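Novice: The structure is given below, and queries will be raised subsequently.
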């Protein structure tokens with residue numbers, strides 16, 4: 002196990018460098034950041050040259066990337082165009098998005114897996130058909146429609162929640178935004194769990210456990226569920242980074258100043274330091290989440306061993 006973890010950590014280095022390099026190049030070709038910094042009126046040549054020197058934009062792209070990566074390993078993600086360090090923006094944005102993501106993941110695990118197990122065990126019955134129809138509707142409706150509809154009904158018409166989340170963004174305020182963020186993934190988790198449960202229910206090891214006279218609850222929890230959760234855990238692990246990076250729509254609807262909000266503002270203002278800095282951290286989140294998922298396989302299935 003130890004050697005496997007070390008090997009995976011070493012493999013993450015070129016992936017991290019390649020992903021950050023790709024993002025750095027894409028951000029640098031999306032437009033002139035100095036033009037976005039100056040606003041509607043174009044900067045005069047002297048001011049533009051001074052700003053380029055100040056932010057290091059007068060150097061070749063490869064040199065900018067090398068300087069940026071050197072600073073990243075010292076904890077310096079650069080300075081936004083408003084003069085605020087990117088690390089300060091991260092310190093205020095990431096805790097909010099992490100709380101939002103935790104709420105969304107909790108909905109996926111509790112509701113998605115529960116519905117998937119129930120429908121998988123009762124495949125072909127009315128409850129199975131009803132849940133499949135409901136998940137298909139959720140997948141078909143765009144997230145911004147679901148978010149705006151819940152905001153209108155629960156926040157404006159009925160007054161059950163605040164239409165906009167406060168700057169503190171407590172867990173209680175993030176329940177509805179978390180449900181909106183997790184809605185599509187929750188539907189996929191339900192359908193994936195259902196398929197995995199229905200497939201493994203016909204396996205020989207389940208028939209053997211039933212033939213041995215084991216209680217139905219033990220057969221489901223210790224034999225059927227543990228093996229069926231492997232593809233589900235894979236999906237949820239990859240979904241963690243996707244939820245954090247893809248929360249732009251949800252955060253815009255509920256006025257949440259998290260990672261999605263900062264990325265939107267950075268792209269809108271062509272603030273390369275902000276965009277690249279936040280995406281760099283999201284790349285690390287993806288890599289670490291995938292590593293933890295791979296290690297969790299051995300917990301769910303004792304037959305899996307890492308050399």
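In our numbering, the protein residues as written are 2 to 308.
Beta carbons are placed, not taken as given, at the ideal position from N, Cα and C, and that holds for glycine.
Treat the numbers as computed from the prediction; the structure is a model and nothing was measured.
Tell whether a beta-carbon distance below 9 Å holds between residue 278 and residue 95.
Specialist: no
Novice: Starting from the N-terminal side, write out each stretch of the alpha helix (DSSP H) that is 4 residues or longer and does not extend beyond the stretch 56–118.
Specialist: Scanning the stretch 56–118 for uninterrupted alpha helix (DSSP H) segments of 4 residues or longer gives 62–73 and 87–108, listed from N- to C-terminal end.
Novice: Our contact map puts residue 250 next to residue 148 with C-beta atoms below 8 Å; I'd like the distance itself, whole angstroms only.
Specialist: 7 Å
Novice: Out of 170, 281 and 213, which has the shortest C-alpha to C-alpha gap to residue 21?
Specialist: 281
Novice: Between the alpha carbons of residue 154 and residue 164, how many angstroms are there, rounded?
Specialist: 10 Å
Novice: Going by C-alpha distance, which of 254, 27 and 220 is nearest residue 156?
Specialist: 254
Novice: Expressed to the nearest angstrom, what Euclidean distance is found between the alpha-carbon atoms of residue 181 and residue 214?
Specialist: 43 Å
Novice: Can you tell me whether residue 16 is buried or exposed? The criterion is at least 16 other CB atoms within 10 Å of its CB, across all chains shown.
Specialist: The residue in question, residue 16, is exposed, as its Cβ has fewer than 16 Cβ neighbours within 10 Å.
Novice: Who are the near neighbours of residue 241 in its chain, counting only those whose CB is closer than 6 Å to its CB and skipping five residues on each side?
Specialist: Within the same chain, residue 241 has close Cβ partners 290.
Novice: Between residue 173 and residue 84, what straight-line distance do the alpha-carbon atoms span, to the nearest angstrom?
Specialist: 33 Å
Novice: Report the residue ranges of all alpha helix (DSSP H) runs contained in full by the stretch 225–251; include only those spanning at least 4 residues, in chain order.
Specialist: 227–246
Novice: Applying the 10 Å Cβ sphere with the 16-neighbour rule, what's the burial state of residue 93?
Specialist: exposed
Novice: What do you reckon, are the CB atoms on residue 139 and residue 116 nearer than 9 Å?
Specialist: no
Novice: Go through the stretch 139–163 residue by residue and report every complete run of the alpha helix (DSSP H) that reaches 4 residues or more, in order.
Specialist: Counting only runs that start and end inside the stretch 139–163, the alpha helix (DSSP H) elements of at least 4 residues fall at 144–151.
Novice: Buried or exposed for residue 127, going by 16 or more other Cβ atoms inside 10 Å?
Specialist: exposed
Novice: Around the C-beta of residue 188, are 16 or more other C-beta atoms found within 10 angstroms, so that it is buried, or is it exposed?
Specialist: buried
Novice: Candidates 105, 162, 199 and 288: which alpha carbon is nearest residue 12's?
Specialist: 288
Novice: Short of 7 Å in beta carbon distance, which residues of its chain neighbour residue 113, apart from the five on each side in sequence? Order them along the chain.
Specialist: 187, 190, 191 and 194
Novice: Go through its chain and collect everything with a Cβ distance to residue 18's Cβ below 8 Å, but skip five positions before and after it.
Specialist: The residues are 70.
Novice: Run the CB neighbour count on residue 230, radius 10 Å, all protein chains shown included, and call it buried at 16 or more, exposed below.
Specialist: Buried is the call here.
Novice: Run through DSSP, which three-state label would residue 295 get?
Specialist: helix
Novice: In whole angstroms, what separates the C-alpha of residue 135 from that of residue 142?
Specialist: 11 Å
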